[in-house]
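J.: Dumping the structure here so I can ask a few things about it.
Protein chains in written order, with the numbering used here: chain A, 2 to 335; chain B, 5 to 330.
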């Protein structure tokens, strides 16, 4: 279970704007193990999508990866640093090993191609000699996995509903047997019932194929019951990383604690719910202290001095749990 | 007399794809909104909840039936009464970026209705009124925000400005159409709190349109909830009673589908949703009988032929033949 599949080491992504630099993803280190489901949550602008793009080598100008390594361990035990690969070498890994379902995926399908052509094109880009019948047989199997009928193959995207398109894309992303899949807001813009259904399908596929999944979302309620481990991002940094249950029950970063307290739910007492005051910081003018300090009640009350230098590293607060808050012991006494 | 009332309202649109076909966006809908009340309207996309909101603010006119404001049909209001109605019923839109003119500063946008309706004498008064309002909804310092353009603000800030715009004309009803669905989770509650406070402090009624039951429960703790399905209202009840004991099978499914963030709170593993099919039927060819029967696990022959009417059940209203047996 705990053999790593992807090791992200000190990954930083910069965007250059008018000769000023904006670091959208700052020194992120994460290890993802084979077969597990990892969730990455954070507000918009916290760098989730940038992180995924950085891993998948999809950063385009004015963005650029400033530093870091992404080490991918293949199924047969080789280790590759994805950052050192050339574009055409990387293309061999994309879809066959690492694949992604991006936000607003409904618009990913080409409106003038039938679904079957999407499958054929994708496979032929990697295996030019693939036989049409084989590809379609595999496509049918995947479509039935996501509970779609065969006739979908002959549909154009506009003939499908939002939920059906999303499921088609999930099937499409699996056509080349990847072993890790990135899902960026896979259920945003879908209804609760469709959302529930897609999450169920993903859980089932994960079990059956032993996939590794990385969920990126701003809404923790969607993935709370799905993921094994959770990383919380704030202003480009990972502020806390650990087993999902611990992050819910015993968070060791004030931002995580605030986030867990800000979700209206259907079952528990709503009167305890409280928003996190303030707004996420502007990445162009970060505070000269801990990035969360302007919104942190423990900084305001003087419990923590919010020393910026001390927030440059992650602290191990519990076994398997990391936090960027160096005052976590003082802040979370009980 | 209720503040706003919809009586047997139906709205039909011409279907785009097929000539002559009609989309029945709302069918025979009755709803009363009392002063100071919060009503949450929930349902999947395409169920007609936004159309309902737009009928309330008179953007869409009912094809059949009528909308009444303080007991009078909107179509029979005098010019002055209609002006009062327009001021009295405000709307907050989902997409805060699209709802503000990108070429105008916030002050230019927000002072216009005040000057137009002569709620203030001049721009200085408008400035003072808006500054006070901005302080109240947590946009400090107000001056900074009034001089900005929409693109310079974050989504949460813009959504607050939309709320300020609605509040600035002292309305008696605000129709909020998914006001927080595009706002970050950490800021959602603060916006909902602002709305709840406006409701308490000024007695403003709210119609809160959403597909998120969690936020609906949060804002309408003491209010009512209306569940919509394919243009029909299928359940109406006090929100807590409705969530504790959902009556309509569709509402059962809707509640079961709500993700629970906390891994330990999720009430056991629900292996299956109580639904036969997950896709909504098309609005153009709605199925005969009960509109929900193709997806309903309890449906029998009667459901396939006869459309149930809303009737009283456990203190609320529900449209289902079999509700007693479920």
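Ideal placement from N, C-alpha and C gives every residue a C-beta, glycine not left out. From a predicted model like this one, the values you see are computed outputs, not experimental measurements.
Is residue 54 of chain B helix, strand or coil by DSSP?
T.: Residue state, collapsed to three classes: helix.
J.: Excluding the 5 residues flanking residue 298 of chain B on each side, which residues of the same chain have their C-beta closer than 8 angstroms to its C-beta?
T.: Counting only residues of its own chain and dropping the five nearest sequence neighbours on each side, residue 298 of chain B has a CB closer than 8 angstroms to the CB of 280, 281, 285, 291.
J.: Would you report the Cα separation of residue 257 of chain A and residue 298 of chain A, rounded to the nearest angstrom?
T.: 13 angstroms
J.: Taking the alpha carbon of residue 238 of chain A as the reference point, which residue from A/31, A/20, A/18 has its own alpha carbon closest?
T.: A/31
J.: Output, in chain order, the set of chain A residues within a Cβ distance shorter than 8 angstroms of residue 297 of chain B.
T.: Neighbours of residue 297 of chain B on chain A: none; closest Cβ ~16 angstroms, over 8 angstroms.
J.: Check for me: the alpha helix (DSSP H) holding residue 206 of chain B runs from which residue to which?
T.: 189 to 206
J.: Would the beta-carbon of residue 64 of chain A fall within 8 angstroms of that of residue 103 of chain A?
T.: no
J.: Which bits of chain B does residue 267 of chain A rub up against, with CB to CB less than 8 angstroms?
T.: Identification of chain B residues near residue 267 of chain A by a Cβ-Cβ cut-off of 8 angstroms yields 217, 218, 221, 247, 259, 262, 264, ordered along the chain.
J.: Examine chain A for any beta-carbon lying closer than 8 angstroms to the beta-carbon of residue 315 of chain B, and answer yes or no.
T.: no
J.: Can you tell me the Cα-Cα spacing of residue 68 of chain B and residue 32 of chain B, whole angstroms?
T.: 8 angstroms
J.: Is there a Cβ from chain A that is less than 8 angstroms from the Cβ of residue 100 of chain B?
T.: no
J.: Please report the distance separating the alpha-carbon of residue 214 of chain A from that of residue 187 of chain A.
T.: 12 angstroms
J.: Kindly confirm or deny that the segment 178 to 193 of chain B and the segment 251 to 265 of chain A touch, where touching means at least three C-beta pairs closer than 8 angstroms.
T.: yes
J.: Anything in chain B within Cβ reach of residue 150 of chain A, meaning under 7 angstroms, just list it in chain order.
T.: The contacting residues do not exist; residue 150 of chain A stays about 11 angstroms from chain B at best.
J.: Are the C-beta atoms of residue 229 of chain B and some chain A residue less than 8 angstroms apart?
T.: Using a Cβ-Cβ cut-off of 8 angstroms, residue 229 of chain B does not count as an interface residue toward chain A, since no Cβ of chain A sits closer than that to its own.
J.: When we look at the beta-carbon of residue 271 of chain B and count the other beta-carbons within 10 Å, is it buried (16 or more) or exposed?
T.: Since pLDDT at residue 271 of chain B reaches only 46, below the 50 mark, its modelled position is unreliable, and the value read off the structure follows with that caveat. By the neighbour-count criterion, in which a residue is buried when 16 or more other Cβ atoms sit within 10 angstroms of its Cβ, residue 271 of chain B is exposed.
J.: For residue 55 of chain B, which residues in the same chain have their Cβ closer than 7 angstroms to its Cβ, ignoring the five residues on either side in sequence?
T.: 15, 29, 30, 64
J.: For chain A, find out if any of its Cβ atoms is closer than 8 angstroms to the Cβ of residue 189 of chain B; answer yes or no.
T.: yes
J.: Please list the partners that residue 160 of chain B has in chain A, where partner means a Cβ-to-Cβ separation under 8 angstroms.
T.: 280
J.: Note down, in chain order, each residue of its chain lying with its Cβ closer than 7 angstroms to the Cβ of residue 235 of chain A, except the 5 sequence neighbours on either side.
T.: 43, 47, 256, 292, 293
J.: Between residue 140 of chain A and chain B, is any beta-carbon pair separated by less than 8 angstroms?
T.: Contact of residue 140 of chain A with chain B is not assigned, every C-beta pair being separated by 8 angstroms or more.
J.: Please list the residues of the segment 47 to 62 of chain B that have a C-beta atom closer than 7 angstroms to any C-beta atom in chain A, keeping them in chain order.
T.: 48, 49
J.: In three-state terms, what does DSSP make of residue 171 of chain A?
T.: helix
J.: Please state whether DSSP places residue 290 of chain B in a helix, a strand or coil.
T.: If DSSP states are grouped into helix, strand and coil, residue 290 of chain B belongs with coil.
J.: If you check the beta carbons only, do residue 209 of chain B and residue 177 of chain B fall under 8 angstroms apart?
T.: yes
J.: Among residues of its own chain, excluding the 5 on either side of residue 201 of chain A, which ones have a beta-carbon nearer than 7 angstroms to its beta-carbon?
T.: none
J.: For residue 273 of chain B, count neighbouring C-beta atoms within 10 Å of its own C-beta (all shown protein chains included) and say buried if the count is 16 or more, exposed if not.
T.: Since pLDDT at residue 273 of chain B reaches only 49, below the 50 mark, its modelled position is unreliable, and no value is offered.
J.: Any beta carbon from chain B within less than 8 angstroms of residue 294 of chain A's own beta carbon?
T.: no
J.: Return helix, strand or coil for residue 160 of chain A, following the three-state DSSP convention.
T.: helix
J.: At a CB-CB cut-off below 8 angstroms, which residues of chain A make contact with residue 197 of chain B?
T.: 276
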